[in-house]
Each structure stands twice: as C-alpha cells, then as structure tokens.
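Residue numbers (mature numbering (1 follows the signal peptide of the UniProt record, and there is no 0)): -24 to -1, 1 to 122.
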C-alpha cells in the first residue's frame, strides 16, 4: 500500500523538475564573449573632416556595418559586446553624406586607445648571448658634437 502511494508521488516530483525555467548557476553552460560590429574610437572620429569622400571615410573608419539602400547617404557603424549572454556595451556611430561628400556625423565612440608602454627591463636577453640593440650612449653623442 505504501509503495502504491509513493510511486505516483515520486513520478509527480520528477516530472515537475522538468518544468524549471532556469537552472542553478553551476549547471549553466559556458557562453563566450561576443563582439559584433565596428569599434569606432575617438582617435578615428578626430580624423574625420567635412568634405571627405566616401573612400576616405571608409579608409579612416572601415567598412560600415550597415549601408541601407533606402538611406544611401547614411552609413551606420554599430558595436555590441555581450559577456555571458548579457549585453554589456552598445555603441552607434553614423556618418551622413551630401553629394558624396561627408557632411556630418553623430553618435558615440570609444575612448582613445592608450599607448602601449613596453618595459625594457622585463624583456629577456637574447638566447644566443648577443647583446640587445640599444641606443648609443650619451658620452659618444657628446664626443661627436665636439
């Protein structure tokens, strides 16, 4: 008698587990970071000038993500970054042409890229024992000036 009541209860509990909308965190599958679109930096925006041709703009910014045939005078550069399936960053930048020349632009860009600093002390010496190339010493530069 006890087994006949326990079997339907167990089956109901097992089937109800199939209807969970979300899984616990440790059971979630790994999702990769997805970067889509064009990254338009402030450095690139600063290079734009009114009156540039389409090919000059394409050289500076790259090929646009969207070139709508219904709005041929407008190029849209869009960027999205998704981490773990969630939208983390989204940017939009548009350039508008009049008579095939750049008339104006609007939107937001990324901050300028910081210059990369290389620590010369951290660079290992050459494996064959040759000394790395260095700048001439200050003494030799003064000797040639005399």
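All residues carry an ideal CB built from backbone N, CA and C; glycine is no exception. Quick caveat: nothing in here was measured; it's all calculated off a predicted structure.
Report the partner residues of residue 57 according to the DSSP bridge assignment.
Note: residue 57 sits in a beta bridge opposite 11, 65.
Residue 26 and residue 78: beta carbons closer than 8 Å?
Taking 8 Å as the Cβ cut-off, residue 26 and residue 78 qualify as a contacting pair.
With DSSP collapsed to three states, give me the class of residue 24.
coil
Restricting to Cα atoms, I'd like to know which of 75, 61, 13, 43 is closest to residue 6.
61
Classify residue 40 as buried or exposed, calling it buried when 16 or more other Cβ atoms lie within 10 Å of its own Cβ.
buried
For residue 49, I'd like the list of residues in its chain whose CB is within less than 7 Å of its CB, leaving aside the five on either flank, ordered along the chain.
72, 73, 74
Can you check which of these residues, 52, 14, 33, is closest to residue 125 by C-alpha distance?
The first residue shown for the chain is -24 and the last is 122, placing residue 125 beyond what the model contains.
On the criterion of 16 or more Cβ atoms from any shown chain inside 10 Å, does residue 69 qualify as buried, or is it exposed?
buried
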